[in-house]
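Working notes, structure below.
Number of protein chains: 2
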Amino acid sequence: MRITLVGSGNVATHLGAALVNAGHRIAQVWSRDLQNAALLAYHLKAEPVDDLSEIRPETDLIVISVKDDAVETVASFIPIKNVLVVHTCGSVGLQTLKKYFDTCGVFYPLQTFSKTRELDFRSVPLCIESTDKNSTARLLDLGRSISNNVTYIDSAQRKTLHLAAVFACNFPNYLYAVAAELLSKQQMDFGLIKPLILETASKVQSFLPQEVQTGPAKRRDGQTMAAHLELLQQYPEWQQLYTLLSQGIIKMDEPPSA
Amino acid sequence: MRITLVGSGNVATHLGAALVNAGHRIAQVWSRDLQNAALLAYHLKAEPVDDLSEIRPETDLIVISVKDDAVETVASFIPIKNVLVVHTCGSVGLQTLKKYFDTCGVFYPLQTFSKTRELDFRSVPLCIESTDKNSTARLLDLGRSISNNVTYIDSAQRKTLHLAAVFACNFPNYLYAVAAELLSKQQMDFGLIKPLILETASKVQSFLPQEVQTGPAKRRDGQTMAAHLELLQQYPEWQQLYTLLSQGIIKMDEPPSA
Numbered sequence: 211m212r213i214t215l216v217g218s219g220n221v222a223t224h225l226g227a228a229l230v231n232a233g234h235r236i237a238q239v240w241s242r243d244l245q246n247a248a249l250l251a252y253h254l255k256a257e258p259v260d261d262l263s264e265i266r267p268e269t270d271l272i273v274i275s276v277k278d279d280a281v282e283t284v285a286s287f288i289p290i291k292n293v294l295v296v297h298t299c300g301s302v303g304l305q306t307l308k309k310y311f312d313t314c315g316v317f318y319p320l321q322t323f324s325k326t327r328e329l330d331f332r333s334v335p336l337c338i339e340s341t342d343k344n345s346t347a348r349l350l351d352l353g354r355s356i357s358n359n360v361t362y363i364d365s366a367q368r369k370t371l372h373l374a375a376v377f378a379c380n381f382p383n384y385l386y387a388v389a390a391e392l393l394s395k396q397q398m399d400f401g402l403i404k405p406l407i408l409e410t411a412s413k414v415q416s417f418l419p420q421e422v423q424t425g426p427a428k429r430r431d432g433q434t435m436a437a438h439l440e441l442l443q444q445y446p447e448w449q450q451l452y453t454l455l456s457q458g459i460i461k462m463d464e465p466p467s468a
Numbered sequence: 211m212r213i214t215l216v217g218s219g220n221v222a223t224h225l226g227a228a229l230v231n232a233g234h235r236i237a238q239v240w241s242r243d244l245q246n247a248a249l250l251a252y253h254l255k256a257e258p259v260d261d262l263s264e265i266r267p268e269t270d271l272i273v274i275s276v277k278d279d280a281v282e283t284v285a286s287f288i289p290i291k292n293v294l295v296v297h298t299c300g301s302v303g304l305q306t307l308k309k310y311f312d313t314c315g316v317f318y319p320l321q322t323f324s325k326t327r328e329l330d331f332r333s334v335p336l337c338i339e340s341t342d343k344n345s346t347a348r349l350l351d352l353g354r355s356i357s358n359n360v361t362y363i364d365s366a367q368r369k370t371l372h373l374a375a376v377f378a379c380n381f382p383n384y385l386y387a388v389a390a391e392l393l394s395k396q397q398m399d400f401g402l403i404k405p406l407i408l409e410t411a412s413k414v415q416s417f418l419p420q421e422v423q424t425g426p427a428k429r430r431d432g433q434t435m436a437a438h439l440e441l442l443q444q445y446p447e448w449q450q451l452y453t454l455l456s457q458g459i460i461k462m463d464e465p466p467s468a
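Here the protein sequences come in this chain order: A and B. If you read the first sequence in this note's numbering, its first letter stands for residue 211, the second for the next number, and so on. If you read the second sequence in this note's numbering, its first letter stands for residue 211, the second for the next number, and so on.
Structure (C-alpha cells):
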C-alpha cells in the first residue's frame with residue numbers, strides 16, 4: 211500500500227517503521243515542524259511536508275497519528291476527499307473523522323511507545339474500526355501485515371479500552387515513579403525493585419490479576435498498613451492514594467452487595 | 211547448611227525449593243496446619259511438625275517465614291536460643307527478633323510469590339540484615355548460594371523498601387484488576403491489554419519511570435480525562451483514584467516549589 215503519514219510522534223515513528231518493514235511504501239510524512247517531518251521521512255524514504263495542503267491524493271491511505279486532542283483540527287485541514295483516512299487514537303471516536311471524510315476508520319495500536327525504545331510490532335494489538343465493509347477488510351489486511359493481534363473494536367468499546375489502558379499502563383508507571391522517589395530519598399537504588407515490577411506484570415500474562423493479588427491490604431494486615439501511612443506522613447497525596455488503593459484491594463474480595 | 215523452615219506459605223515454598231536446589235538440607239518444616247507442613251516437607255525431604263516446641267536445636271539456621279503480623283508470636287514460641295534465627299518479612303524490624311534471640315537477622319526476598327507460578331530465584335533480590343558481623347557474613351554467603359542479587363539493607367531502609375514494593379507491585383496489580391473489570395463489562399478480553407502491561411513494566415527495566423510516562427495526564431489532555439471520568443460515573447471510588455493519579459502525574463512534571 212502507498213501510505214501517507216500525518217504526524218511524526220512516538221506512534222507515527224513506530225508504525226511507520228513497521229509498515230516499511232512489511233513492504234508498504236510511505237509516500238509523505240507531515241509534521242507541523244519540518245525538521246521532525248524530515249527526520250522521520252528520511253528513515254522511511256518518504257517526502258517530508260509541513261503544510262497539510264501539500265498532501266497529495268496519490269495515496270491509498272492517510273494515517274493521522276497526532277495527539278488525541280489535535281485529530282479534529284488536523285483532519286479539517288486535509289484537502290483530500292476520496293481516500294481512506296484513519297486515525298490512531300484510543301480516545302477519539304470515528305464520528306470525528308466522519309465530519310470530514312466519507313470513508314474513514316480507526317487504526318489504534320494498543321501499546322505504549324517511546325521513540326528511544328525498540329519494540330516488536332507483531333505483538334502489538336491493533337484495534338480496527340471503519341465506516342464500511344470494504345474499508346474494514348482493507349484495514350484488517352493492513353493490520354495483519356504488521357501485527358499478529360488484530361481485532362475489530364467499535365468506538366464505544368474503544369473508549370472503555372482506552373480507559374482500561376490508562377489504568378493498566380499510565381497509572382502503574384506513575385506508581386513505579388512514586389516507588390523510585392521513595393527509594394531515592396532513602397539512598398536505595400530503583401534497581402532493587404525492577405525484578406518485582408517485571409514479575410508482577412508477567413504474572414498477569416497467565417493469571418487474572420484478582421487471583422494473584424498480594425500485599426498488606428490483601429491479607430488485611432492493619433499493622434503494616436498503619437506503619438506505611440506513618441512513613442508517608444510527609445506526602446499527604448500519597449497517603450490518600452495508599453488508602454484508596456488499599457480500600458480497593460480489600461473491597462475486591464468482598465461479595466457484591468445485594 | 212542445615213536449615214529449619216518455620217512456615218509453609220508462598221515465600222517458604224519458593225525459598226525452601228531454592229535452598230534445596232542449591233544443596234542445602236531442610237531439617238524440619240513447621241506449619242500450624244500439619245497437612246501443610248507435611249506437603250512442603252515431602253517436597254523438601256524434611257520432617258514436618260505442627261508444634262513449635264518440637265523444633266530441634268540440631269540446625270544451623272531457623273527461618274521464620276510467616277505473615278508479617280505473625281512473626282512475633284511465632285518467635286516467642288520457638289524454644290531454641292543458640293541458633294541464628296531470621297525472618298523473611300519486609301515490614302518487620304530486626305528489633306522484633308532481638309527480644310527473643312541473641313543472634314538474629316533478616317533474609318527478605320523482594321519478590322511477589324505465588325505457589326502456582328515457577329520463578330527463577332537467582333534473579334530475586336535478597337535483602338540481608340543481622341545483629342553481628344559473623345551472622346551477616348553467613349547470611350550473605352547463604353544468600354549468594356541462591357541469588358545473584360544480595361544486598362545489606364538495614365531495618366529503616368527495609369521499611370521504605372517494603373512500602374516502595376507495595377507501590378510497585380501490589381497497587382499496579384490492583385489497577386490491572388480494575389482494567390480487567392472495565393473490559394469485562396464491555397465484553398472485551400483482558401488479553402487485549404496484556405502486551406501493554408508487559409511493555410510498561412519492561413520499559414522501566416532500562417529507563418526511569420519518570421522518563422517514560424505517557425497518557426492523557428502526561429500530555430495535559432483535559433478533554434480525554436473528562437471523558438474518562440464520565441465513563442467512570444458508576445464507580446465513584448475509581449473516579450477518585452483516576453483524579454488522584456492524574457494529578458500525581460501532572461505534579462511530577464512541575465518544578466519543586468521553593
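Glycine included, every Cβ here is placed at the ideal spot set by N, Cα and C.
Which class does Val334(B) belong to by DSSP, given the choice of helix, strand or coil? It is coil, neither helix nor strand.
Exposed or buried, Arg368(B), counting other C-beta atoms within 10 Å across all chains shown (16 or more means buried)? By the neighbour-count criterion, in which 16 or more other beta carbons inside 10 Å mark a residue as buried, Arg368(B) falls on the buried side.
Asp431(A) at chain B interface by Cβ criterion, 8 Å: Closer than 8 Å to the CB of Asp431(A) there is at least one CB belonging to chain B.
Gly315(B) burial status per 10 Å Cβ neighbour count (16 or more: buried): It counts as buried.
Residue interval of the alpha helix (DSSP H) (run including Tyr318(B)): Careful: Tyr318(B) lies outside any alpha helix (DSSP H), inside the beta strand (DSSP E) at 314-319.
Collapsed DSSP secondary structure at Arg212(B) in the structure displayed: If DSSP states are grouped into helix, strand and coil, Arg212(B) belongs with the strands.
Say whether the stretch 257-268 of chain A touches the stretch 397-416 of chain B, bearing in mind that this needs 3 or more beta-carbon pairs closer than 8 Å, one atom from each stretch. With the cut-off at 8 Å, the stretch 257-268 of chain A and the stretch 397-416 of chain B do not touch.
Give the residues of chain A in contact with Val388(B), contact being defined as C-beta atoms less than 7 Å apart. The contacting residues are Phe377.
What do you reckon, are the CB atoms on Leu249(A) and Gly226(A) nearer than 8 Å? In this structure, Gly226(A) does not lie closer than 8 Å to Leu249(A) by Cβ.
Less than 8 Å between the C-beta atoms of Ala374(B) and Ile403(A), yes or no? Between Ala374(B) and Ile403(A), the C-beta spacing is below 8 Å.
Residues that Arg327(B) contacts on chain A, provided the C-beta gap is smaller than 8 Å: Result: Lys413, Ser416, Phe417, Val422.
Simplified DSSP assignment, three categories, for Leu418(B): Here Leu418(B) sits in coil by DSSP.
Short Cβ contact (8 Å threshold) for Leu215(B) with Val230(B): No.
Report the three-state DSSP secondary structure of His224(B) (helix, strand or coil). Assigned with DSSP and collapsed to three states, His224(B) falls in helix.
Nearest chain A C-beta to Gly458(B) closer than 8 Å, yes or no? Contacts with chain A at 8 Å (Cβ-Cβ) include Gly458(B).
Along the alpha helix (DSSP H) that carries Glu282(B), what are the first and last residues, could you check? Unbroken alpha helix (DSSP H) run through Glu282(B): 281-287.
Beta-carbon neighbours of Thr370(A), restricted to chain B and to distances below 9 Å: Result: Leu392, Leu393, Lys395, Gln396, Met398, Leu441.
Distance between Thr269(A) and Arg430(A) (C-alpha atoms, nearest Å): Those two C-alpha atoms are separated by around 60 Å.
In chain order, what residues of the same chain have a beta carbon less than 6 Å from the beta carbon of Val334(A), not counting five sequence neighbours either side? Beyond the five residues adjoining it in sequence on each side, Val334(A) comes within less than 6 Å, by CB distance, of Pro319, Gln321, Ser357 in the same chain, given in chain order.
Kindly indicate which residue of Leu408(B), Gly425(B), Ala366(B) has the alpha-carbon position closest to the one of Val302(B). Val302(B) has its Cα closest to that of Ala366(B), out of Leu408(B), Gly425(B), Ala366(B).
Name the residues in the stretch 223-249 of chain B whose C-beta lies less than 9 Å from a C-beta of chain A; which are they? Of all residues in the stretch 223-249 of chain B, none has a Cβ within less than 9 Å of some Cβ in chain A.
Name the chain A residues that come within less than 8 Å of Ser286(B), Cβ to Cβ? Simply none; closest approach about 16 Å.
Starting from the Cα of Gly401(A), find the closest Cα among Leu455(B), Leu418(B), Glu264(B) and give me that residue. In terms of Cα proximity to Gly401(A), the closest of Leu455(B), Leu418(B), Glu264(B) is Leu418(B).
Which chain B residues sit within Cβ distance under 7 Å of Ser324(A)? Under the 7 Å cutoff, chain B gives Lys413, Val422.
Just to make sure I have the definition right: I need the residues of chain A whose C-beta is within less than 7 Å of the C-beta of Val334(B). Which are they? For the C-beta of Val334(B), the chain A residues within less than 7 Å are, from N- to C-terminus, Pro405.
Identify whether Val388(B) lies in helix, strand or coil by the three-state DSSP scheme. The answer is helix: DSSP assigns Val388(B) an H, G or I state.
Is Glu282(A) close to chain B, meaning its C-beta is less than 8 Å from at least one C-beta of that chain? Cβ-Cβ to chain B under 8 Å: no for Glu282(A).
Return the chain-ordered ranges of every alpha helix (DSSP H) run that is complete within the stretch 347-399 of chain B and spans a minimum of 4 residues. Fully enclosed alpha helix (DSSP H) runs of 4 or longer: 365-375, 381-395.
Under 8 Å between C-beta atoms, does Met211(B) make it to chain A? Among the CB atoms of chain A, none fall inside 8 Å of the CB of Met211(B).
Counting C-beta neighbours from all protein chains within 10 Å, is the total for Leu455(A) 16 or more, i.e. buried, or is it exposed? Residue environment analysis places Leu455(A) among the buried positions, since at least 16 neighbouring C-beta atoms fall within 10 angstroms of its C-beta.
Rounded to whole angstroms, what's the CA-CA distance from Tyr445(A) to Ile265(A)? Just pull it up for me. Computed Cα separation, rounded: 51 Å.
For the alpha helix (DSSP H) that Gln457(A) lies in, which residues bound it at each end? For Gln457(A), the enclosing alpha helix (DSSP H) covers residues 446-462.
Proximal chain A residues relative to Phe331(B), where beta-carbon distance stays under 8 Å: Identification of chain A residues near Phe331(B) by a Cβ-Cβ cut-off of 8 Å yields none; the smallest Cβ-Cβ distance measures about 11 Å.
Look at the Cβ atom of Glu339(B), then the Cβ atom of Leu304(B), and state whether they are nearer than 8 Å. Yes.
Per DSSP, the bridge partner or partners of His297(A): In the DSSP output, where bridge partners are listed per residue, His297(A) has Ile274(A), Val316(A).
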